[in-house]
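So the sequences go chain by chain: A and B. Offset between the first sequence (1-based) and the numbering used here: plus 498. Offset between the second sequence (1-based) and the numbering used here: plus 29. Remarks on the structure that follows.
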Amino acid sequence: MAVPGTHPEPLRRDPAHAVIAGVCAGLAPRLGVDPLVLRIAFVAASAAGGIGLLLYVVCWALLPVGEGEPAGLLVAGSRLPRRESTMVAAGIVLLLIAVLLLLRTWGLWLSDVVVWPFLLAAAGGALIWRQSQRSEVMETPPAERARPGGGAVPRRTLRLARPSFAGAGLGTTLVLGGGLVFLWLTGALTAARDVVLAVFVVVVAIGVILTPWWLRLVRGLTEEREERIRTQERAELAAHLHDSVLQTLALMQKRADDPREVAALARRQERELRAWLNGGRSGEPRRTLAGALEAVVAEVEDDHGVPVEVVAVGDCPLDEPMEALVAAAREAVLNAVKFASRAPISVYAEVDGDRVEVFVRDRGPGFDLAAVPADRRGLRESVVGRMDRHGGQAHVHTRPGAGTEVELVLPR
Amino acid sequence: MSAPRVVLVDDHQLFRAGVRAELEGLVEVVGDAATVGEAIECIVATEPDVVLLDVQMPGGGGAEVIRGVTPRRPAVRFLALSVSDAPEDVIAIIRAGARGYVTKTISGTELADAVRRVADGDAVFSPRLAGFVLDAFAGMEGAAPAVVDPELDQLTAREREVLRHIARGYLYKEIALRLGISTKTVEAHVSAVLRKLQLSNRHELSRWAVQRGWLE
């Protein structure tokens, strides 16, 4: 949802109550004033130099008609802030002009010949530049987090699907106009003035004829694009569910006589679906301690069908000693799976300022540490030895009947 | 003590039936509801000891149920039961007033145990919730040096120690044994953490959850 509550009344034209095109009738409820007040304001502004007329035409072109907004909430929500930002931009431009005129009256001024064309060209340049920046950003939408109930999947469409060429076209016109005005003011254009005038008149006429049609085309294109992106999202979602969830469900029905296998299948599917919902659509494990721990634990779960819960507090990048820590943790988990098979196994990792601790705990039978024969190398070599070699420590806490906990500590 | 009276709130009928069957004989299930409105009505009418509450439901979710019931029946306690392990969901329901959080894969006996503990006024933290809380308070200490209310905005060393043991998979009585304190003291520490989690009005806490949700 695009910020509910901040736009109580969408900005629309209202031809049903129109005097000319419904601009005032549409704006009035939004501003909370009587349409008549607005109309008087517009007329007054038109009389005082034509600003009102210009503003009216701009509103007419930009505001969509009130009834039957075709693409619904989604479009209304996304179009609105854009329109408001246009108004803000217009305000800034007017303020700027006022300041310039003030400077001009005071004599702090280069020359009309330089300043006005430069201003036009600068405004156009800024528009084009901003437009190109924005379309670059839009090509890499931020990783969306989609959850059931969160409804994040269609949100992506809001960020895409904005025609950027309208702004770019306006910018180009401004830059060219700036150049022309400069040439004209310096007298370079007098020779070709008649031709330029003729061309100008023709261009304006064509513009007047084509603009409404073009505007409609742009709006249509936007809607079509949004629809297409939505369809793609839906297809992607369907494909994912089909490849993963439906396959697993089918497999579980086939293996219904083997509860252990069914539980393992369900567990794996649950993990994959969670990872997907949490935005890790690439399927790549993260290159951090927590990511690597989750990955190796997932592997053990898959191989042995025993649930292992991982809780991580803090995280850090995966360098070589950290990889050794993860490998040692994996051995400890494997050990727990082997000796405590069906009991729940917990892995807890905490990254503190200067050290990392990992605990692997099971509620299995436990054992007498002193009674482990010397030729049993599993824990001693691959856990204790490995930690030693990387400057860390490993302790095994166990008693018969009290489960086992392997504690791994590594300084950072 | 007699078996605690429980109301089940979940929008999945199949799941409600499953939990009912699992809790049979362990607690007394006095009602169930599938929507926020139904739930509020049912809870106000039956006045149970504990409500087992789904986090994500159409029409506002579990937090909305808590907000609807608490002004009218302040004695009713809530235990969140959810498939979601997204930190923002978990922290949100706890801050709304739930006295604990367990995942839906919990076994029947464990769930009954958790219900009894909540009925007794204690808090129930799963290892994952303990991890979230440690993470949240650790993040707050790093992010903002100026602590508004040290009573509420920081965990004591002992509370951290207890939470870390929960995250490591220890039960309350095992923690008591390891730390050389009584089980009651462990419960008191966990309840204190719950109170801080609910009352600390540092908005960093909710912002942390959201950020973490986005970063993952």
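A virtual CB, placed ideally from N, CA and C, is assigned to each residue, including glycine. These figures come from a predicted structure and were not determined experimentally.
Best match in the options for proximity to residue i [C-alpha to C-alpha]
i: Thr75(B); options: His218(B), Gly209(B), Val36(B); result: Val36(B)
i: Leu763(A); options: Gln730(A), Thr786(A), Gly803(A); result: Gly803(A)
i: Leu906(A); options: Gly883(A), Ser880(A), His888(A), Phe857(A); result: Phe857(A)
i: His888(A); options: Leu877(A), Thr902(A), Leu908(A); result: Leu908(A)
i: Ala167(B); options: Glu188(B), Glu51(B), Tyr130(B), Thr132(B); result: Glu188(B)
i: Gly812(A); options: Val555(A), Ala788(A), Ala826(A); result: Ala788(A)
i: Glu57(B); options: Ser220(B), Leu140(B), Ala127(B), Gly97(B); result: Leu140(B)
i: Ile69(B); options: Arg49(B), Gly90(B), Gly54(B), Glu53(B); result: Gly90(B)
i: Leu55(B); options: Gly97(B), Pro103(B), Thr138(B); result: Thr138(B)
i: Leu877(A); options: Thr720(A), Ala834(A), Trp682(A); result: Ala834(A)
i: Leu52(B); options: Asp182(B), Asp40(B), Gly66(B), Arg34(B); result: Arg34(B)
i: Tyr554(A); options: Arg628(A), Leu525(A), Leu599(A); result: Leu525(A)
i: Leu744(A); options: Glu759(A), Glu722(A), Leu771(A), Thr729(A); result: Leu771(A)
i: Thr684(A); options: Pro842(A), Leu735(A), Ala736(A), Asp610(A); result: Asp610(A)
i: Arg765(A); options: Thr134(B), Ile210(B), Glu216(B), His218(B); result: Thr134(B)
i: Ala624(A); options: Gly605(A), Leu598(A), Val591(A); result: Val591(A)
i: Ala152(B); options: His218(B), Asp118(B), Leu82(B); result: His218(B)
i: Pro898(A); options: Gln730(A), Ala868(A), Glu879(A), Trp711(A); result: Ala868(A)
i: Pro805(A); options: Pro815(A), Leu598(A), Glu792(A); result: Glu792(A)
i: Ser111(B); options: Phe44(B), Gly66(B), Arg49(B); result: Phe44(B)
i: Trp711(A); options: Val535(A), Ala559(A), Leu529(A), Cys814(A); result: Ala559(A)
i: Ser31(B); options: Val65(B), Leu206(B), Val144(B); result: Val144(B)
i: Cys814(A); options: Glu879(A), Leu832(A), Ala790(A); result: Ala790(A)
i: Tyr913(A); options: Leu208(B), Gly47(B), Asp164(B), Glu203(B); result: Missing from the structure shown is residue 913(A); chain A here goes from 499 to 910 and no further.
i: Leu848(A); options: Leu708(A), Glu722(A), Thr786(A), Thr746(A); result: Looking at the sequence shown, residue 848(A) is not Leu but Glu. For the residues Leu708(A), Glu722(A), Thr786(A), Thr746(A), the minimum Cα distance to Glu848(A) belongs to Thr786(A).
Beta-carbon gap between residue i and residue j smaller than 7 Å
i: Gly676(A); j: Leu618(A); result: yes
i: Gly862(A); j: Thr896(A); result: no
i: Pro533(A); j: Ala519(A); result: no
i: Val147(B); j: Leu192(B); result: no
i: Cys71(B); j: Gly60(B); result: yes
i: Arg884(A); j: Ala822(A); result: yes
i: Leu158(B); j: Tyr199(B); result: no
i: Tyr201(B); j: Thr185(B); result: no
i: Val881(A); j: Glu829(A); result: yes
i: Ile122(B); j: Val94(B); result: no
i: Pro116(B); j: Val809(A); result: no
i: Ser220(B); j: Asp182(B); result: no
i: Gln227(B); j: Arg124(B); result: yes
Beta-carbon contacts of residue i that lie in its chain and below 6 Å, excluding the five residues immediately before and after
i: Gly550(A); result: Phe540, Ala543, Ser544
i: Ala127(B); result: Phe107, Ala109
i: Cys557(A); result: Val521
i: His41(B); result: none
i: Gly649(A); result: With a pLDDT of only 38 at Gly649(A), under 50, the local geometry of the prediction cannot be trusted, and the value read off the model is given with reservation. Excluding positions up to five away in sequence, the list is empty.
Assigned exposure category for residue i - 16 Cβ within 10 Å defines buried
i: Ala587(A); result: exposed
i: Met585(A); result: exposed
i: Val702(A); result: exposed
i: Thr902(A); result: buried
i: His893(A); result: exposed
i: Arg510(A); result: buried
i: Leu223(B); result: buried
i: Asp860(A); result: buried
i: Lys225(B); result: buried
i: Asp39(B); result: buried
i: Phe698(A); result: exposed
i: Ser136(B); result: exposed
i: Gly150(B); result: exposed
i: Ser576(A); result: Note that Ser576(A) scores 43 on pLDDT, short of 50, meaning its location in the model is unreliable and no value can be drawn from it.
i: Leu735(A); result: exposed
Chain-order list of residues whose beta-carbon lies under 8 Å from that of residue i (same chain, five-residue window excluded)
i: Leu911(A); result: In this structure chain A extends from 499 to 910, so residue 911(A) is not present and cannot be described.
i: Val105(B); result: Ile72, Glu76, Pro77, Asp78, Val79, Val80, Val98, Thr99
i: Ala516(A); result: Ala523
i: Ile626(A); result: Gly665, Ala666, Gly669, Thr670, Val673
i: Val679(A); result: Trp614, Pro615, Leu618
i: Val760(A); result: Met750, Arg753, Ala754
i: Arg769(A); result: Ala796, Glu799
Contact set for residue i: own chain, Cβ-Cβ below 7 Å, skip 5 residues either direction
i: Leu594(A); result: none
i: Val700(A); result: none
i: Asp512(A); result: Gly520, Ala523, Gly524, Gly564
Within-7 Å CB hit, residue i to chain D
i: Val811(A); result: This model lacks chain D altogether; the protein chains it does include are A and B.
Fully enclosed by the stretch 660-706 of chain A, which alpha helix (DSSP H) runs are 4 residues long or longer?
-> 663-683, all fully within the stretch 660-706 of chain A.
Contained beta strand (DSSP E) runs [length at least 3] in the stretch 92-136 of chain B, N- to C-terminal order | 106-111, 129-132
Every unbroken alpha helix (DSSP H) within the stretch 762-822 of chain A, with a cutoff of 4 residues, ordered by chain = 787-802
3-residue-minimum beta strand (DSSP E) runs that sit fully inside the stretch 156-229 of chain B, ordered along the chain | none
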